[in-house]
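Here's the structure, in structure tokens; my notes come after.
Numbering (the numbering used here), first residue to last: 2 to 194.
Below you can see the structure in the form of structure tokens.
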């Protein structure tokens, strides 16, 4: 965060002033979408059906609102763009699966290998998260050369193969799990590129 603050004066010098346009911000749309997301999150954590009903009500109101407003918070045409919606859905699904895996790894390592938290963090989580930097660089390079669909498929394959390897050989070695965790995080980086 501090490095970002240091770069602000350089960015101000480099930025080209653009033309400003007078648009109104769709505050009602922002509030409706926020309430619907909050209700959905409360449903998924508390399993209270009231929140699912509230989510549905506020989401329907939000959809009707953005289709009537001249400058909507989210353009309704995005919902009709099938490739965009498929990419959004599959990206969200992959992110959710990997997030669940990341949450599960410490419990799995402690149960199977009987290692302490510091070892799990330093030997498994840290190398995996640091690999995102390297995979992010190569992902950007590959997108320029081969296209985003190729990189997305490569990332999905990396995640799938890593999950299968861990599923079948989890008791083999802690270092195999560490190695596969690196490719799970790298695959996630590829799918987000």
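Beta carbons are placed, not taken as given, at the ideal position from N, Cα and C, and that holds for glycine.
Only a predicted model underlies this, so the values are computations on that prediction, with no experimental measurement involved.
Query raised in the report: I think residue 163 touches residue 175, with their Cβ atoms under 8 Å apart; what is that distance to the nearest whole Å?
Result: Between residue 175 and residue 163 the Cβ distance is about 15 Å, and since that is not below 8 Å, they are no contact.
Query raised in the report: Which two residues bound the contiguous alpha helix (DSSP H) that contains residue 108?
Result: 83-114
Requested in this report: Compute the Euclidean distance between the alpha carbons of residue 23 and residue 59, then round it to the nearest angstrom.
Outcome: 28 Å
Report task. Note down, in chain order, each residue of its chain lying with its Cβ closer than 7 Å to the Cβ of residue 167, except the 5 sequence neighbours on either side. Result -> If we look at residue 167 and ignore the five residues flanking it on each side, its Cβ neighbours are 178 and 181.
Report task. Report the three-state DSSP secondary structure of residue 27 (helix, strand or coil). Result -> coil
Query - Cβ neighbour criterion (16 or more within 10 Å) applied to residue 184 - result: buried
Query raised in the report: If you count every other CB in all the chains shown that lies within 10 Å of the CB of residue 67, and 16 or more means buried, which is it?
Result: buried
Requested in this report: Would you mind stating whether residue 191 and residue 135 have Cβ atoms separated by less than 8 Å?
Outcome: no
Query raised in the report: residue 159: buried (16+ other C-beta within 10 angstroms of its C-beta) or exposed?
Result: Residue 159 is buried by the Cβ-count criterion.
Report task. With a threshold of 7 Å, establish whether the CB of residue 145 neighbours any heavy atom of the ligand FAD. Result -> This structure lacks the ligand FAD, and indeed carries no ligand of any kind.
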